[in-house]
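Student: Here it is, the structure, as structure tokens.
Next comes the structure, spelled out in structure tokens:
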């Protein structure tokens, strides 16, 4: 007798329901800001200036300038439209830069990352005459 593959029950587990709801919420949010961005900006890539029309519009993506997909101001100031190729290139460059500086995760970016200010003591150095070699 052949064994039938198990099908998930109609109720599903609470975890499955939570994951499904989170995915639906993310997809809805992405649709919303994509629609807004396509209304705000001309349909061309912000890097290579390739033009798009209704037939190839699916190849135009919304890029978050600060790389925070949860920051979606209604004026579109955190978005730019990029073709698939330029969008992939931008993310690759960002990942390489993050790796070069030791890798900042999303929490580090939100908190501001580095806190060192190389010019913090500049005023006292200039006014106190330290480093002045004209004497």
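Numbering (my numbering), first residue to last: 847 to 981.
Glycine is no exception: its CB is placed at the ideal position from the N, C-alpha and C atoms.
Exposed or buried, residue 844, counting other C-beta atoms within 10 Å across all chains shown (16 or more means buried)?
Tutor: Because residue 844 is not part of the residues shown, which for the chain are 847 to 981, the question remains open.
Student: In the DSSP assignment, find the beta strand (DSSP E) that holds residue 929 and state where it starts and stops.
Tutor: Position 83 of the chain shown, counted from the first residue, corresponds to residue 929. Looking at the DSSP string, the run of the beta strand (DSSP E) that includes residue 929 is 925-929.
Student: Can you list, in chain order, the residues of its chain with a C-beta nearer than 6 Å to that of residue 910? Leave out the 5 residues immediately preceding and following it.
Tutor: As a first step, residue 910 is located in the chain shown; it is residue number 64 there, counting from the start. Excluding positions up to five away in sequence, the list reads 924.
Student: With DSSP as the reference, identify every bridge partner of residue 897, one or two as the case may be.
Tutor: By 1-based counting over the chain shown, the position of residue 897 is 51. Answer is 890, bridged to residue 897.
Student: So, at 7 Å on beta carbons, what are the nonlocal neighbours of residue 918 in its own chain, with the 5 sequence-adjacent residues on each side left out?
Tutor: Here residue 918 refers to the residue found at position 72 of the chain shown. Correct list, in chain order: 879 and 924.
Student: Taking just the CA atoms, how far does residue 901 sit from residue 912?
Tutor: Mapped onto the chain shown, residue 912 falls at position 66. Mapped onto the chain shown, residue 901 falls at position 55. Rounded to the nearest angstrom, the two C-alpha atoms are 29 Å apart.
Student: Closest to residue 875 by CA distance: which of 921, 915, 947 and 937 is it?
Tutor: Within the chain shown, the letter at position 29 stands for residue 875. If we check each option's Cα against that of residue 875, 915 comes out closest.
Student: Near residue 898, what residues of its chain come up, given a Cβ to Cβ distance below 6 Å and the 5 sequence neighbours on each side ignored?
Tutor: Taking the chain shown and counting its residues from 1, one reaches residue 898 at position 52. Here the set comprises 889 and 906.
Student: For residue 892 versus residue 930, is the C-beta spacing smaller than 9 Å?
Tutor: The sequence position of residue 892 within the chain shown is 46, counting from 1. The sequence position of residue 930 within the chain shown is 84, counting from 1. No, they are not a contact pair.
Student: Along the chain, where does the beta strand (DSSP E) containing residue 906 start, and where does it finish?
Tutor: Within the chain shown, the letter at position 60 stands for residue 906. First-last of the beta strand (DSSP E) with residue 906: 906-910.
Student: State yes or no: is the C-beta of residue 884 within less than 9 Å of the C-beta of residue 903?
Tutor: Locating residue 884 in the chain shown gives position 38, where the first residue counts as 1. Locating residue 903 in the chain shown gives position 57, where the first residue counts as 1. Cβ distance < 9 Å, so residue 884 and residue 903 count as in contact.
Student: On a Cα-Cα basis, can you pick out the residue from 877, 882, 872 and 863 that is closest to residue 920?
Tutor: Here the question's residue 920 lines up with position 74 in the chain shown. Taking only the C-alpha atoms, the option nearest residue 920 is 882.
Student: Could you tell me the boundaries of the alpha helix (DSSP H) in which residue 969 lies?
Tutor: For the purposes of this step, residue 969 is taken as residue 123 along the chain shown, with counting starting at 1. Looking at the DSSP string, the run of the alpha helix (DSSP H) that includes residue 969 is 968-973.
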